[in-house]
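Just below is one structure, and these are the notes that go with it.
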Amino acid sequence: NSPPPSCTRTLTQLGHERHLLALRKLAAENGEPGLFADAGWALLGTSTLSTSCLRSESIRGFSFGPVVSDGYGIGYVYDQTGVSLNVTNYTHPGPGGIRTDSRAFASALERAMIFIERLLDSNTRSRL
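Counting in my numbering, the sequence shown runs from 83 upward without gaps.
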């Protein structure tokens, strides 16, 4: 299994995020924030759900942290036998006092996955 092209680009520092980081640093040095002062840029950096997957026979589980204080991080590993998930969150409140609860989120995620599994196993034909 070779990594997807996007991973290869990132590992060789050719991914788009590396270029954006360089442009942001240059803009800060030159006092011209441009794109990085835009509200859209701020919104782009507020991913409530941040995920990462590792595929290796030797890894059965790992942790992946949230990127914002009111978000969740999900590390997951999957193979032919199933999927293993690890949900994380910050323990302090995020903006506006919002608190996250990784146990409640993981429980809801498990219920959703069981529902989808049952739906796929039911052989129910679409009514569309």
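Even glycine gets a Cβ: it sits at the ideal position worked out from N, Cα and C.
Less than 8 Å between the CB atoms is what I'm expecting for residue i and residue j, so what's the real figure, rounded?
i       : j       : result
Gly-153 : Phe-146 : Contact flag wrong, Cβ pair sits at about 11 Å.
Leu-131 : Trp-123 : Not confirmed; about 19 Å, so no contact.
Please classify residue i: does DSSP put it in a helix, a strand, or coil?
i       : result
Leu-136 : coil
Measuring CA to CA, which of the options is closest to residue i?
i       : options                               : result
Ser-189 : Asn-205, Asp-203, Thr-170 and His-101 : Thr-170
Tyr-172 : Phe-187, Glu-114 and Asn-205          : Phe-187
Ile-141 : Pro-148, Gly-113, Val-150 and Gly-157 : Gly-157
Ser-129 : Pro-148, Arg-185 and Tyr-160          : Pro-148
Gly-164 : Arg-106, Arg-209, Asn-205 and Arg-137 : Arg-137
Indicate whether at least one CB of chain C lies closer than 8 Å to the CB of residue i.
i       : result
Asn-205 : Considering every chain present, this structure includes no chain C. It has just one protein chain.
Is the stretch 194-205 close to the stretch 176-186, with three or more CB pairs under 8 Å? Because the criterion of three Cβ pairs below 8 Å is not met, the stretch 194-205 and the stretch 176-186 do not touch.
Considering only residues of the stretch 138-207, which uninterrupted beta strand (DSSP E) runs meet the minimum length of 3 residues and lie entirely inside it, listed in chain order? Residue ranges of uninterrupted beta strand (DSSP E) with 3 or more members, entirely inside the stretch 138-207 and ordered along the chain, are 154-161 and 164-170.
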